[in-house]
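Asker: There's a structure below that I have some questions on.
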Amino acid sequence: MSPILLTIYFLIWPVLVAVVMGVIAKGFIRDAKKARESGTSII
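The C-terminal position of the sequence shown is numbered 140 in my numbering, with every residue numbered one higher than the one before it.
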């Protein structure tokens, strides 16, 4: 495997993790806002 492909492979993982964590955080924030508006606990 060429060094450039290994570099791209190595650097893509933090990007994928950041995207997944962003999606999870967005859903959590949306649910927290709904819970606050309706006066219920998020847990």
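Just so it is clear, CB atoms sit at the ideal spot from N, CA and C, and this is done for glycine as well. Values in this document were obtained by computation on a predicted structure and should not be read as measured data.
1) Residues in its own chain within less than 7 Å of LEU103 by CB, not counting five upstream and five downstream?
2) Determine the direct distance from the alpha carbon of LYS130 to that of TYR106, and round the result to whole angstroms.
3) Consult DSSP for MET98 and reduce its assignment to one of helix, strand or coil.
4) How many angstroms separate the CA atom of VAL140 from the CA atom of GLY124?
5) When you compare only the Cα positions, how much space is there between THR137 and GLY119?
Answerer: Based on what the coordinates show:
1) For the purposes of this step, residue 103 is taken as residue 6 along the sequence shown, with counting starting at 1. Taking C-beta separations shorter than 7 Å and ignoring five residues to either side along the sequence, LEU103 has no partners in its chain.
2) As a first step, residue 106 is located in the sequence shown; it is residue number 9 there, counting from the start. As a first step, residue 130 is located in the sequence shown; it is residue number 33 there, counting from the start. Roughly 37 Å between the two C-alpha positions.
3) Walking along the sequence shown from the start, residue 98 turns up at place 1. In the structure shown, MET98 falls within a coil segment according to DSSP collapsed to helix, strand and coil.
4) In the sequence shown, counting from the first residue as 1, residue 140 sits at position 43. In the sequence shown, counting from the first residue as 1, residue 124 sits at position 27. What sits at residue 140 in the sequence shown is Ile, not Val. One C-alpha to the other measures close to 14 Å.
5) The sequence position of residue 137 within the sequence shown is 40, counting from 1. The sequence position of residue 119 within the sequence shown is 22, counting from 1. Spanning the two alpha carbons is a distance of roughly 24 Å.
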